[in-house]
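In the numbering used here, the protein residues as written are 13 to 331.
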Amino acid sequence: MSTLIIATATFLAVSSLVGAVAFAFRGDSATRAEDRLDLFIRTGNKREAIKESTLLNEPLGAIPGVADRFFNRFANFKLIFDQADTNLTLSRLLMICGIFALCGAGLGAALRVHIGLVPILGAFMALMPFCWLYIRRSRRLKAFGAQLPDAMELVARALRAGQSLPAGFSMVSTEMGDPIGKEFGRVFEEQNLGCSMEDSLRSLAERIPNTDLKFFVTAVVLQRQTGGDLAEILDKIGQLIRQRFQIWGQIQALTGEGRLSGIILMALPFFLFVVVYYLNPSYVMLLFDDSLGRKMLAVALFMQLLGALCIRKIVNIKV
């Protein structure tokens, strides 16, 4: 009976964590400027262009499974995997999560921890692959944003040398490393295969959620419709992005103490829980065995989450 309870609790915990991660990956527009750029970028035949570019990069025989179709209702995991630059599918990722959950539960049983902690340990281990995916995606998007000013200047120099805009994209793909080299190379390949410049750039803006990239796409699309000196526009956008990076670095330095305090405050209760559990297990198990202890634990976790959100809101200053 206890094994059935552990398995059921682990399944519910893992399902809840997967749903929470899917909701977190959905994302939303942070500023009015992003919303206005989205309205402009999403005009035209963007959906058809995205479908074409997706088919160009979809491997043969890639049939989505039941899990892929179900969880894609909550978040576009195909787009998330593209942003993380990984060949994993959602079905494989969930399989890895299940293996990690079983390993966590087995580790808890081997260490003879309390039966109430086994599902928690299994759910924690099941979340690790999603954490890896989130970190990989965040690092790649951050690296793309850092490379974007150099890419704009390279395209501007190519235009001043008399080359075409697609040739400038090809130069970025060959002269610069990943991730921006790969993404601009993908835009260049899509144009060679028949997609228009506007559709390829809108597909790029859909794959990479970056406000500066949306400014770049908007500038290129408007210039192709109305004319103007695109090289000068790209130089000004590149300078603006560099100034924003400088201000953002100063903000990171000023808020570093607050971020470190938040990390310590969030990690301290869990660290003390582990220490006290190994020093005096019966003292900690009152939180799980007694009904009042479970209520206190639920309130503490809620307050912990609320405090984390408040600290994140304070130190997360947008530039």
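A virtual CB, placed ideally from N, CA and C, is assigned to each residue, including glycine.
Distance CB(residue i)-CB(residue j) smaller than 7 Å
{"i": "leucine 309", "j": "leucine 299", "result": "yes"}
{"i": "leucine 160", "j": "aspartate 211", "result": "no"}
{"i": "leucine 100", "j": "phenylalanine 89", "result": "no"}
{"i": "proline 243", "j": "leucine 171", "result": "This sequence places alanine at residue 243; proline is not what is there. Yes, Cβ-Cβ distance for alanine 243 and leucine 171 is below 7 Å."}
{"i": "arginine 152", "j": "aspartate 97", "result": "yes"}
{"i": "leucine 133", "j": "glycine 118", "result": "no"}
{"i": "alanine 312", "j": "methionine 278", "result": "no"}
{"i": "leucine 323", "j": "glycine 274", "result": "Inspection of the sequence shows that residue 323 is occupied by isoleucine rather than by leucine. In contact: isoleucine 323 and glycine 274 (Cβ atoms closer than 7 Å)."}
{"i": "serine 185", "j": "glycine 193", "result": "yes"}
{"i": "phenylalanine 227", "j": "isoleucine 249", "result": "yes"}
{"i": "valine 199", "j": "glycine 180", "result": "no"}
Other residues of its chain near residue i: CB distance less than 7 Å, five sequence neighbours each side excluded
{"i": "proline 141", "result": "Leu105, Ile108, Cys109, Phe112"}
{"i": "tyrosine 289", "result": "Val296"}
{"i": "cysteine 115", "result": "Met137"}
{"i": "arginine 271", "result": "Val327"}
{"i": "serine 182", "result": "Phe200"}
{"i": "leucine 91", "result": "Arg219"}
{"i": "alanine 217", "result": "Ile53, Leu225, Lys226, Val229"}
Reference residue i; option with closest CA among the options
{"i": "glutamate 165", "options": "Thr230, Asp247, Ala135, Ala96", "result": "Asp247"}
{"i": "glutamine 251", "options": "Leu91, Ile329, Arg149, Asp162", "result": "Asp162"}
{"i": "proline 191", "options": "Leu304, Lys307, Gly157", "result": "Gly157"}
{"i": "phenylalanine 282", "options": "Leu129, Gln255, Phe181", "result": "Leu129"}
{"i": "glutamate 269", "options": "Val286, Leu280, Gly120, Val327", "result": "Val327"}
{"i": "glutamine 95", "options": "Gly118, Lys154, Ala135", "result": "Lys154"}
{"i": "leucine 177", "options": "Val229, Ala135, Ser215, Leu145", "result": "Val229"}
{"i": "lysine 325", "options": "Leu102, His126, Gln255, Thr267", "result": "Thr267"}
{"i": "isoleucine 259", "options": "Gln235, Cys207, Val125, Lys330", "result": "Lys330"}
{"i": "isoleucine 245", "options": "Met188, Arg169, Phe285", "result": "Arg169"}
{"i": "leucine 234", "options": "Leu213, Ile253, Glu218, Arg254", "result": "Leu213"}
{"i": "arginine 236", "options": "Ser208, Ala217, Cys143", "result": "Ser208"}
{"i": "histidine 126", "options": "Asn292, Arg256, Ile276", "result": "Asn292"}
{"i": "leucine 102", "options": "Leu145, Arg254, Gly261, Leu280", "result": "Leu145"}
Cβ neighbours of residue i in the same chain (closer than 6 Å, five flanking residues each side left out)
{"i": "alanine 138", "result": "Val26, Cys109, Phe112, Ala113"}
{"i": "asparagine 222", "result": "Gly157"}
{"i": "serine 65", "result": "For serine 65, the pLDDT reaches just 47, beneath the cut-off of 50, and the residue's location in the model is therefore unreliable, although a value from the coordinates is still provided. Counting only Cβ-Cβ distances below 6 Å, and skipping sequence neighbours, we find Glu202, Ser215."}
{"i": "arginine 148", "result": "Ala96"}
{"i": "alanine 122", "result": "none"}
{"i": "isoleucine 62", "result": "Low local confidence applies: a pLDDT of 42 at isoleucine 62 is under 50, so the model's placement there is unreliable, and no value is given."}
{"i": "glycine 261", "result": "none"}
Limits of the unbroken alpha helix (DSSP H) element including residue i
{"i": "valine 286", "result": "268–291"}
{"i": "leucine 123", "result": "That residue, leucine 123, is in no alpha helix (DSSP H); it is neither H nor E in DSSP."}
{"i": "glycine 239", "result": "Counting along the chain, glycine 239 falls outside any alpha helix (DSSP H), and DSSP gives it neither H nor E."}
{"i": "leucine 100", "result": "Here leucine 100 belongs to no alpha helix (DSSP H), and DSSP marks it neither H nor E."}
{"i": "isoleucine 326", "result": "303–327"}
Chain C within 7 Å of residue i, Cβ atoms only
{"i": "threonine 230", "result": "Absent from the structure is chain C; it holds one protein chain and no more."}
Cutoff 8 Å; reference residue i; Cβ partners in own chain excluding five residues on either side
{"i": "methionine 188", "result": "Gln159, Asp162, Ala163, Leu166, Phe196"}
{"i": "leucine 304", "result": "none"}
{"i": "threonine 238", "result": "none"}
{"i": "arginine 306", "result": "Leu299, Phe300"}
Ignoring anything shorter than 4 residues or poking outside the segment 142–218, list the alpha helix (DSSP H) runs there in chain order.
Qualifying alpha helix (DSSP H) stretches, in chain order: 177–187, 192–204.
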